[in-house]
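Here is the structure we will look at, set down as structure tokens.
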Amino acid sequence: MSVVAPLKGLKVLDFSQFLAGPYATLRLADLGADVIKIERTGKGDLSRHLYVSNVVIDGESTVFHAINRGKRSMAVDLKDASDRNCVWALIEEADVIVQNFRPGVIDRLGFGFEAVKARKPNIIYGSISGYGDGHDWDKLPGQDLLAQARSGVMWLTGAQDHGPVPIGIPVADVLAGAALAQGLIALLVRRGLTGEGGHVETSLLEAITDLQFELFSTFLNDGNKVPSRPKHNAAHAYLAAPYGVYEVRDGYVTVAMNDLRTLFEVLGIEAELKTLDAFADRDEISALIGASLRARTRDESVAFMDAAGIWCAPVMDWHDLLGSGILQELDMIGATTRGDSEIGTVRSPLRIDGTRPSAIGPAPYLETTNLTWKSRS
Amino acid sequence: MKPLDGVKVLDFAQFLAGPMAALRLADLGAEVIKVERPKGGDLCRSLVIQDQRVGEDSLLFHTINRNKKSVTADLKDTDDQNRIKQLIADADVMIHNFRPGVMERIGLGYETVRALNPRLVYGTVTGYGTTGPWAKKPGQDLLVQSLTGMPWLSGNDGQAPVPAGFAVLDITCGNHLVQGILAALLRRATTGEGGLVEVDLMSSAIDMQFELFTAFLNGDGKMSQRSAISNANASVGAPYGIYACTDGYMAIAMTPIARLEELLDCPSLAPYRDPEIAFTQRNEIKAVVREHLLNESVQHWLDRLEPADIWCAQVLDWPSLLETDGFAALDMLQDIATADGTMIKTTRCPIRLDGGVLKSTRGGPPLGGDTEAVLG
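What follows is the structure, encoded as structure tokens:
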């Protein structure tokens, strides 16, 4: 695994906490960078104790372990002169700095982009906020659910009578982190050519707007007409039948875009297709498909539709998924240890030269000794 | 200078994940040339939603392929392929999303192409990787969501599984490809060699869920269960979720119940002050919050919660988002022009560099519009 490390030797100082910023530095760590978390003395990154389940690993939350594997940690008081000197010593040799405080906070702490650039002109500096800077919204808490609420994304998922439906995973955080990682590496490419540093910024709202860019652009050019979700079997606000989720005897299946004539033939549905419009009559059509599938089991439905070339899939849960062996085949599941704990992990989502680059090692303990870049074991 | 000025990208991909990655590289300054089939080109050109077409092509095509050029080539034709190989010899990056084995059969697989141009970064998108029993399955967003447990995380317990209602995996997977390609370009500056970057929708789906999935891997084997009321994250306790008010909806994120009781003037929350039960009794607590918030307007509640720095927000739709100063200040929109001068509104790259945004007014290219200029 260690042969693939495109960012080997890269030094990243990470002032961020929770998800968006630390997700960006996790990607850099996976790609080979040495990441040191700068954390508050005492509690450290608040996600150390943000429990999303009753699972505690070696005294800390699984979330913290998931996001911070392979990094190092140094606990400091950024208002203490001697601690500040230690941080500056790390900055002198760092390539990248990441922070996700609310706008203005890092500047007041003395480690803002301008302050760092004055001492280290070729620094690559990354900032994530909730909603950008310099307007009324910049004081708002940059939190995933709240960014989803403001972005309009909640009207795309679920059915008409569901009300707004959030996506149940922190998509704004993850994609803001992904955008930041891209900007940081792009600036590193530029630094290789020109020697100059730079500041890359993104926010939860920019990332979640980009996530919706296809449909949002449709709206912008369509007289600002808002999307209308299906009444039932919902999987997409803008796509015609049969695209949707269907209940079967022992579970659910999804059917993606398919030729309706073929699908009706395969399912033995005797409706007059000529009188039905795949978009305008999508609720009527999906009701017909639903009725035809209901009596079959999930595996039967998928098997016979698959055989006919219909694009469909069983709706699986994580047990089914692990049982299928696909993640093991893809080498997506890893393991590490910390203290006496064995920790199962998810690995980097990309492969380079046939191998999956992944930060080896667990998430760090909150470390109170002063670190140097050389001290990485 | 844009960071990827001078970088040449060949985009053989179609639909969303691959072209979206190439779009991001174009945003960052790269020159992107789409290589398309002479007849029809990228299938996305004819994928029309809401009857929206701009000239020959769908609006969707322009959204995903703005700021690119297009050449047409029949890759199965020897002459055409030779011309494309000349382009490849001089390119920095190529991207494709054919199913596993197809590019190899055509004669443009990674090993062949690497011999032609050892500095090339070769990026591929698949549904499920290149080996294993699922490699040949259709790599389609909804289907991969279904296979990875994602639809069990949205919507409420008791409802059918609810997939994210648009192509979140395509976009996330495209983002992952960009990271790998950029990292490989950076490595090339040191080693002089290109490399192979592979992403797949399946791995991207797991990465999107990695927090909860890690809890699952290390837990008692149970999958996170959605809350029955106002679910917004299966693993977070009350009040986290969306609530109806008299005139709309609001979101409330992590907040101590005791604070909520006081600020909302909601004595029925008194039995639930203990933070330990915010998760175990989340449905009871959320039911109380739901009944209480129904009685007043969104603004009424925001006026009570926001001054106390409680994490809450009005739920906006796109028209109301467009009216806010917050969105306007982000300068998130741009106008692009098609070849015939038609103007289209779209969003910009979400990355800001050195205090500026990355925009370009070029729309999507007409099919083969640059064939002559590029291939001569």
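Those protein sequence lines, which keep their order, are chains A and B.
Using the numbering used here, the first residue of the first sequence is number 16, and each one after it goes up by one.
Using the numbering used here, the first residue of the second sequence is number 359, and each one after it goes up by one.
Beta carbons are placed, not taken as given, at the ideal position from N, Cα and C, and that holds for glycine.
Model, not experiment: these values are computed from the prediction.
Assign residue i to one of three DSSP states: helix, strand, or coil.
i: A133(A); result: helix
i: C531(B); result: helix
i: D237(A); result: coil
i: P329(A); result: strand
i: L345(A); result: coil
i: V406(B); result: coil
i: G369(A); result: coil
i: G213(A); result: strand
i: A609(B); result: strand
i: V390(B); result: strand
i: V111(A); result: strand
i: L725(B); result: coil
i: I464(B); result: helix
i: L386(A); result: coil
i: K360(B); result: coil
i: H454(B); result: strand
i: A350(A); result: strand
i: V647(B); result: helix
i: D49(A); result: strand
i: R631(B); result: coil
i: D712(B); result: coil
i: V120(A); result: helix
i: C670(B); result: strand
i: S17(A); result: Here the model assigns S17(A) a pLDDT of 37, short of 50, so the residue's position is not dependable and the matter cannot be decided.
Out of the options, which has the shortest C-alpha to C-alpha gap to residue i?
i: V657(B); options: A671(B), R403(B) and D565(B); result: Looking at the sequence provided, one finds Gln at residue 657(B) rather than Val. Nearest option by C-alpha distance: A671(B).
i: A628(B); options: V647(B), M612(B) and F637(B); result: V647(B)
i: L93(A); options: F231(A), F30(A) and R264(A); result: F30(A)
i: L689(B); options: D675(B), L418(B) and G713(B); result: Note on residue identity: the sequence assigns Asp, not Leu, to residue 689(B). When only C-alpha atoms are compared, the closest one is G713(B).
i: P708(B); options: M272(A), G259(A), L190(A) and E229(A); result: L190(A)
i: R710(B); options: I139(A), A44(A) and K132(A); result: I139(A)
i: V70(A); options: L725(B), Y601(B) and E569(B); result: E569(B)
i: L652(B); options: T604(B), L559(B) and I442(B); result: T604(B)
i: L405(B); options: F574(B), T705(B), Q372(B) and A388(B); result: Q372(B)
i: Q410(B); options: G238(A), A322(A), K86(A) and A318(A); result: G238(A)
i: T360(A); options: G183(A), P329(A), K52(A) and A350(A); result: A350(A)
i: S588(B); options: P179(A), A306(A), I223(A) and F279(A); result: P179(A)
i: Q163(A); options: T383(A), S218(A), E129(A) and H64(A); result: S218(A)
i: P677(B); options: L160(A), N83(A), G167(A) and G47(A); result: G167(A)
i: A541(B); options: T506(B), D565(B) and V479(B); result: V479(B)
i: K580(B); options: I182(A), D335(A), G125(A) and G354(A); result: D335(A)
i: G183(A); options: G727(B), E394(B), L680(B) and A611(B); result: A611(B)
i: E730(B); options: D438(B), R424(B) and K494(B); result: D438(B)
i: G364(B); options: P521(B), G376(B), A380(B) and E389(B); result: E389(B)
i: Y486(B); options: D346(A), L65(A) and V111(A); result: D346(A)
Around the C-beta of residue i, are 16 or more other C-beta atoms found within 10 angstroms, so that it is buried, or is it exposed?
i: Q537(B); result: buried
i: F294(A); result: exposed
i: N440(B); result: exposed
i: P633(B); result: exposed
i: P21(A); result: buried
i: A547(B); result: exposed
i: R640(B); result: buried
i: H534(B); result: buried
i: T489(B); result: exposed
i: V186(A); result: buried
i: E216(A); result: buried
i: G57(A); result: exposed
i: D95(A); result: exposed
i: V460(B); result: exposed
i: T719(B); result: exposed
i: M16(A); result: Caution applies to M16(A), whose pLDDT of 35 falls short of 50 and renders its modelled position unreliable; the model cannot decide the point.
Return yes when at least one heavy atom of the ligand SAM lies under 7 Å from the C-beta of residue i, else no.
i: I143(A); result: You won't find the ligand SAM in this model; it holds no ligand whatsoever.
Report, in whole angstroms, the separation of the C-beta atoms of residue i and residue j, which I expect to be a contact under 8 Å.
i: L195(A); j: A39(A); result: 4 Å
i: I300(A); j: P257(A); result: 7 Å
i: V260(A); j: P597(B); result: The Cβ separation is near 28 Å, so there is no contact.
i: A525(B); j: L374(B); result: 6 Å
i: T705(B); j: T224(A); result: 5 Å
Taking only beta-carbon atoms, is residue i less than 8 Å away from chain C?
i: M581(B); result: Of the protein chains in the structure, A and B, none is chain C.
Scan the stretch 675–701 of chain B and note each continuous beta strand (DSSP E) run of 3 residues or more that stays entirely inside, going in chain order. 691–695
So within the stretch 467–533 of chain B, which uninterrupted beta strand (DSSP E) runs reach at least 3 residues, ignoring any that extend past its ends? 479–484
Unbroken stretches of the alpha helix (DSSP H), 4 residues or longer, contained in the stretch 234–317 of chain A: 275–282 and 297–308
Scan the stretch 544–626 of chain B and note each continuous beta strand (DSSP E) run of 3 residues or more that stays entirely inside, going in chain order. 553–558, 599–603 and 606–610
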